[in-house]
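Participant:
In the numbering used here, the protein residues as written are 687 to 880.
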């Protein structure tokens, strides 16, 4: 499988790239704007994963341009190139506005950006989208065991397990149309995605 990964320099993307390569799949470079959709099509991409993020230390404006706008632009590029499989890394509780009062301005902007990007790609008829909303990210080794639900409640998850969930989602076309949260748990990843 050929997979385009936005955010290829990030920790989750680097792990996903290794996992894809280890099984003989190909991870393809970052697409920065819809004008590059011909490159996406020419590369023979079968799926796109949006794992980019503005990152810690960035301001509210950067959250909008990366966490919302870049996800939408990549979806535009995927559609223009005829690549219908789109997997997005979002954020736990991205749609829960009742939590807004607990956030500072920058984190609130981040959560709104993720929610708006999710809504945009979810509404596209030309994409088979899966939205993965991990809990707090850690650098601990993954266990391969998670909890997956529409709403998991608070929790954390190793980046390695998030990458393994993304890999499993790419292998499971039946996850298209789903939005789910994922945190560390006791269920093996493949079983948790059923």
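Cβ atoms here follow ideal geometry from the backbone N, Cα and C, with glycine treated the same way.
Just checking, does the segment 837-845 make contact with the segment 801-811 on the three C-beta pairs under 8 Å criterion?
Facilitator: no
Participant: Does the beta-carbon of residue 804 have 16 or more other beta-carbons within 10 angstroms, so that it is buried, or is it exposed?
Facilitator: Position 118 of the chain shown holds residue 804. So residue 804 ends up on the buried side.
Participant: Give the range of the beta strand (DSSP E) segment to which residue 772 is assigned.
Facilitator: Your numbering for residue 772 matches position 86 in the chain shown. Per DSSP, residue 772 belongs to the beta strand (DSSP E) from 771-775.
Participant: Report yes if the C-beta distance between residue 756 and residue 689 is below 7 Å; otherwise report no.
Facilitator: One-based indexing of the chain shown puts residue 756 at position 70. One-based indexing of the chain shown puts residue 689 at position 3. For residue 756 and residue 689, no; Cβs fall outside 7 Å.
Participant: Report back the beta-carbon spacing between residue 779 and residue 832 to the nearest angstrom; my notes put them in contact at under 8 Å.
Facilitator: As a position in the chain shown, residue 779 is number 93, starting the count at 1. As a position in the chain shown, residue 832 is number 146, starting the count at 1. That pair is no contact at about 17 Å.
Participant: Tell me which residue opens and which closes the beta strand (DSSP E) that residue 868 is part of.
Facilitator: The residue given as residue 868 occupies position 182 in the chain shown. Start and end: 865-870.
Participant: Assign residue 785 to one of three DSSP states: helix, strand, or coil.
Facilitator: In the chain shown, the residue the question calls residue 785 occupies position 99. Residue 785 falls in the helix class under three-state DSSP.
Participant: Return the residue from the list 758, 860, 743 and 745 that minimises the CA-CA distance to residue 737.
Facilitator: As a first step, residue 737 is located in the chain shown; it is residue number 51 there, counting from the start. Each of 758, 860, 743 and 745 was checked against the Cα of residue 737, and the nearest Cα belongs to 758.
Participant: Please determine if the segment 817-836 and the segment 785-794 are in contact, where contact requires at least 3 C-beta pairs separated by less than 8 Å.
Facilitator: Put simply, the segment 817-836 does not touch the segment 785-794. Fewer than three CB pairs are less than 8 Å apart.
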